[in-house]
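Have a look at the structure below before the remarks.
2 protein chains.
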Amino acid sequence: MSKGSNSSGLRRYNERVLISELRRLGLASKFELAKLANLTPQAVTRIIDDLEQADLVEQRGKVQRGLGQPSTMYALNPKGAFSIGVNAGRNDIQILLMDFCGNVLSKVAHEFTLPDPDFLIDKVVQGVNYLRSSLSLAHQQRIIGVGLAIPWFMGAWKSELNMSDELALRWNQFKPREELMKKIDLPVFVENDCSAAAVAELKLGCGNKINNFLYIFIGTFVGGGVVLHGELEAGVHGNAGALASMPVTASQLDTVPPVAGSFETLANRVSIYALRRHLNARGFSIDTISQLPLLLPAAQVALDEWIEDAIDAFSFVIFSATGVLDLEAIVLDANLPRDLVHEIVGKLAVRVNLLTPTGVLAPQVLSGSVGPDARAIGGAILPFYANFSPDKNVMLTGD
Amino acid sequence: MSKGSNSSGLRRYNERVLISELRRLGLASKFELAKLANLTPQAVTRIIDDLEQADLVEQRGKVQRGLGQPSTMYALNPKGAFSIGVNAGRNDIQILLMDFCGNVLSKVAHEFTLPDPDFLIDKVVQGVNYLRSSLSLAHQQRIIGVGLAIPWFMGAWKSELNMSDELALRWNQFKPREELMKKIDLPVFVENDCSAAAVAELKLGCGNKINNFLYIFIGTFVGGGVVLHGELEAGVHGNAGALASMPVTASQLDTVPPVAGSFETLANRVSIYALRRHLNARGFSIDTISQLPLLLPAAQVALDEWIEDAIDAFSFVIFSATGVLDLEAIVLDANLPRDLVHEIVGKLAVRVNLLTPTGVLAPQVLSGSVGPDARAIGGAILPFYANFSPDKNVMLTGD
DNA sequence: CTTAATTAAACCACTGTGAATAAATAAGTC
DNA sequence: GACTTATTTATTCACAGTGGTTTAATTAAG
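Quick mapping for you: the protein sequence lines, in order, are chains A and B.
Residue numbers for the first sequence follow my numbering, beginning at 1 and rising by one.
Residue numbers for the second sequence follow my numbering, beginning at 400 and rising by one.
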């Protein structure tokens, strides 16, 4: 089952290790890289020189540190590779162009209500082609792929979304990767939207310091991504971090009770859907979540009620996840105002530390540092991740 | 953070890949191994010849398959390496000697009530030395280590175990690896008992076919181990699979309710401790779980009540774990009569398929094929696992 | 004489070693 | 203060070592 490797696999692996270190550090000398990667300066020299030849890495002046010859610093060449990331949501889509250093160069977005798959694909193709043409021809050659972040089981929430049976069926049969590959002549990478966001957090956010975490994103519903040992753990069917359906205890609020014999689920308590439902029950109505601040301070009590209930449900899920996986941290982000995210994270951290059961070690609770665009950004990272991240599989594929 | 590698790392990795394949297949030719491991027959020849030289692999005759030269078959040499496995439980200890093929050569066991750490260490040292001396001097040189499977947080359940504060404190401060290394001049490997059992299941049980599963073992309490991509996932602090403290909904039975603001935990509903408590409440008393069959059929109703309640709690935990990790299977074993394990697994499988929420893919539910000794056997595998399993870290440590 | 497993010898790609080189600072000398 | 020399650190050169690959030869069957 597990595969052996050869020297070119080894080289590719070391190459990726150096690229990753360089991405993590921003700026480093060959010597530093050698120490960090446990390689000899020779090996690093050869690899970095080759990468420089291939325009993936560039010199960035020299730095003097005390005695000795100054270090020639290297960094990833932002123009060395490009990637296009797509987040396809239930109500909106964001498409962005990213350079090799992770900078977002440009971005397009649309909002809509309940798209059908064909419409969505069209929007993606249009956006990708538009962003693509914004680059010079030489740089267009360096786009290494399109990464799509999209919820799984889009058709599974048809009642919550007022979706027709027919549309739900089409969503269920929809194969985004295949459809996109038909219309775009670039490699296509697809991940669950929240797993993609977890990758964004791993590569551009707190992943610099933390290697094992559960990422949670509150959007229309709620989802997550799992990062173990600095690598995305996608699960057997790519469905890891499917937090929406996680069982939790019943809510104190006005939720629809689950069908008999079944469980209450996290999405029913923690999601923008649940928040809006509770606000509605308290007489506050909004069309999109961006209008939330307009309701304040009148709706503050209702909002606080929901926060309290959400924290309750969350702590349940966090202890479940920590029990199974013994994680360093929970990283929470949301399509909600920044200070609200911080408030939830703060209260959650207190609760988690208070209730940590015997036999479990409390994880840190952090707020995501990438923000609401994490999913699209994560999408853009997917092609980089597949081509330049040092996972074990790199070694396996021979020449 | 991630480290590069060199040719000796590569060689070690390939060596381990071949050993693992050979362990999985039992018997294979160089040519077969080459195809499976994605290596050239040449490379395999070199590696296997070296391994044969080192007595880790041996020829096992020739096999004719149609035309052509017959294949020379190879297998692991059972006398190539030995390992001693220990399971240190709250009431008993098993110590066994294992050969390189995974056969248990001999075994010693003791029962007791609430040992203190020193007593336990003494028992382990005695047992290890006894088993060690049962081998010829030449073979004694080939013992590659002692693997200890032991519950974490032994002192954390002092009220349930009627443990004195003083004893609980000593357990909490107990460092088994350090203590053992003082008294045994062999490498010592320590894992959580249920993680060790998961390794046993991975290497000697269903792991032949399944690479991603949550292993659950019902003992005095309940615990688990996580296997992802054919490797044990121990967690940041080695505490992955800490199912005992997993939050679940409240029981319908006679459990002690959790303190206010806290959760009910799995161990309080699914464990031999919980079973005995329920049997007690129904007027049936046993000293050890092996006496359970003596109570039947009188206690059948009480037993069925517990099973029903246990399945309820289990399905909660299984959906939590599957939501986070998207697993292929749940593998359940217990220190209970074999047919009772099968009954629980059967009923659990039905329940899981019935209740699988939208957005989650139901895992298989299987009964463990290693059985009640899984923890000690897993312990014995730990040294083999550390020395011969192709995990990524193999490559990292240079020469 | 075909087929398939296995091996031998030359080869290639990679990293490692140890000496040499380059570029700076620090210390000593006039 | 200018010049020299030693010291330190980064980097590179040439060669050696390891390990897998290639090609062709060998072996043992049908």
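For glycine and all other residues, C-beta sits at the position ideal for the given N, C-alpha and C.
Any chain B beta carbon closer than 8 Å to residue i
i: Gly-368 of chain A; result: no
i: Pro-383 of chain A; result: no
i: Asn-38 of chain A; result: yes
i: Val-199 of chain A; result: no
i: Met-246 of chain A; result: yes
i: Ile-309 of chain A; result: Here the sequence assigns Asp to residue 309 of chain A, which means Ile is not the residue at that position. No, its Cβ sits nowhere closer than 8 Å to a Cβ of chain B.
i: Asp-165 of chain A; result: no
i: Glu-191 of chain A; result: no
i: Lys-203 of chain A; result: no
i: Ser-262 of chain A; result: yes
i: Glu-179 of chain A; result: no
i: Thr-288 of chain A; result: no
i: Lys-387 of chain A; result: Checking the sequence shown, residue 387 of chain A turns out to be Asn, not Lys. Chain B contact via Cβ: absent.
i: Leu-253 of chain A; result: no
Close beta carbons around residue i, own chain, < 6 Å, minus the five adjacent residues each side
i: Ser-419 of chain B; result: Pro-789
i: Gly-777 of chain B; result: Ala-548, Ala-595, Ala-596, Val-598 and Ala-599
i: Thr-796 of chain B; result: Any answer about Thr-796 of chain B is weak, because its pLDDT of 47 lies below 50 and its placement is not dependable; what the coordinates show is given next. So the list is empty, once near-sequence residues are dropped.
i: Val-416 of chain B; result: Ala-436 and Pro-789
i: Val-503 of chain B; result: Leu-495 and Met-497
i: Phe-263 of chain A; result: Pro-247
Cutoff 8 Å: residue i Cβ touching any chain A Cβ
i: Ala-639 of chain B; result: yes
i: Asp-448 of chain B; result: no
i: Phe-616 of chain B; result: no
i: Asp-498 of chain B; result: no
i: Asp-725 of chain B; result: yes
i: Phe-430 of chain B; result: no
i: Ala-720 of chain B; result: yes
i: Ala-761 of chain B; result: no
i: Glu-510 of chain B; result: no
Residues near residue i in its chain [Cβ-Cβ closer than 8 Å; skip 5 each side]
i: Asp-798 of chain B; result: With a pLDDT of 49 at Asp-798 of chain B, under the threshold of 50, the modelled position of this residue cannot be trusted; read the value that follows with caution. If we look at Asp-798 of chain B and ignore the five residues flanking it on each side, its Cβ neighbours are Asn-405 and Ser-407.
i: Val-456 of chain B; result: Ile-418, Leu-421, Ile-447, Leu-450, Tyr-473, Ala-474, Leu-475, Asn-476 and Gly-479
i: Ala-442 of chain B; result: Asn-413 and Ala-433
i: Ala-537 of chain B; result: none
8 Å contact criterion, which residue i and residue j should meet: CB distance rounded
i: Leu-693 of chain B; j: His-677 of chain B; result: 17 Å between Cβ atoms; not a contact.
i: Leu-534 of chain B; j: Ile-494 of chain B; result: The pair is not a contact, with the Cβ atoms about 14 Å apart (cut-off 8 Å).
i: Pro-782 of chain B; j: Pro-550 of chain B; result: The pair is not a contact, with the Cβ atoms about 20 Å apart (cut-off 8 Å).
i: Phe-552 of chain B; j: Thr-358 of chain A; result: 6 Å
i: Phe-715 of chain B; j: Val-647 of chain B; result: 5 Å
i: Ala-737 of chain B; j: Asn-486 of chain B; result: It is Arg, not Ala, that sits at residue 737 of chain B in the sequence shown. Not quite, the Cβ-Cβ distance comes to about 18 Å (not below 8 Å), so this is no contact.
i: Ala-380 of chain A; j: Ile-84 of chain A; result: 6 Å
i: Asn-786 of chain B; j: Ile-543 of chain B; result: 6 Å
i: Val-222 of chain A; j: Val-270 of chain A; result: 5 Å
i: Val-236 of chain A; j: Asp-725 of chain B; result: 5 Å
i: Ala-299 of chain A; j: Arg-282 of chain A; result: 7 Å
Residues that residue i bridges to, as DSSP identifies them
i: Glu-308 of chain A; result: Paired residue(s): none; Glu-308 of chain A is not in a bridge.
i: Asn-162 of chain A; result: The partner list for Asn-162 of chain A (beta bridge, DSSP) is empty, contrary to what the question assumes.
i: Leu-96 of chain A; result: A:Gly-85 and A:Lys-107
i: Asn-192 of chain A; result: A:Ile-150
i: Glu-457 of chain B; result: B:Ala-474
i: Gly-629 of chain B; result: According to DSSP, Gly-629 of chain B bridges with nothing at all.
i: Glu-264 of chain A; result: A:Val-248
i: Ala-733 of chain B; result: B:Ile-617
i: Ile-542 of chain B; result: B:Phe-481
i: Val-63 of chain A; result: A:Ser-71
i: Phe-213 of chain A; result: A:Val-227 and A:Ala-329
7 Å Cβ shell around residue i - same chain, five flanking residues per side excluded
i: Leu-210 of chain A; result: Position check: residue 210 of chain A holds Ile in this sequence, whereas Leu was assumed. Answer for Ile-210 of chain A: Glu-328 and Ala-329, listed in chain order.
i: Ile-583 of chain B; result: Val-524, Val-527 and Val-545
i: Thr-322 of chain A; result: Val-360 and Pro-363
Segment contact, 8 Å Cβ cut-off, at least three pairs: the region 217-228 of chain A with the region 332-342 of chain A: Flag = yes, the region 217-228 of chain A and the region 332-342 of chain A touch.
Three or more C-beta pairs below 8 Å linking the region 635-646 of chain B and the region 586-605 of chain B: yes
At least three beta-carbon pairs within less than 8 Å, the region 417-436 of chain B to the region 469-477 of chain B: yes
Cβ contact (3+ pairs, closer than 8 Å) linking the region 76-95 of chain A and the region 117-128 of chain A: yes
Three CB pairs or more closer than 8 Å across the region 561-579 of chain B and the region 498-517 of chain B: yes
The region 737-757 of chain B contacting the region 703-714 of chain B, beta-carbon criterion three pairs below 8 Å: yes
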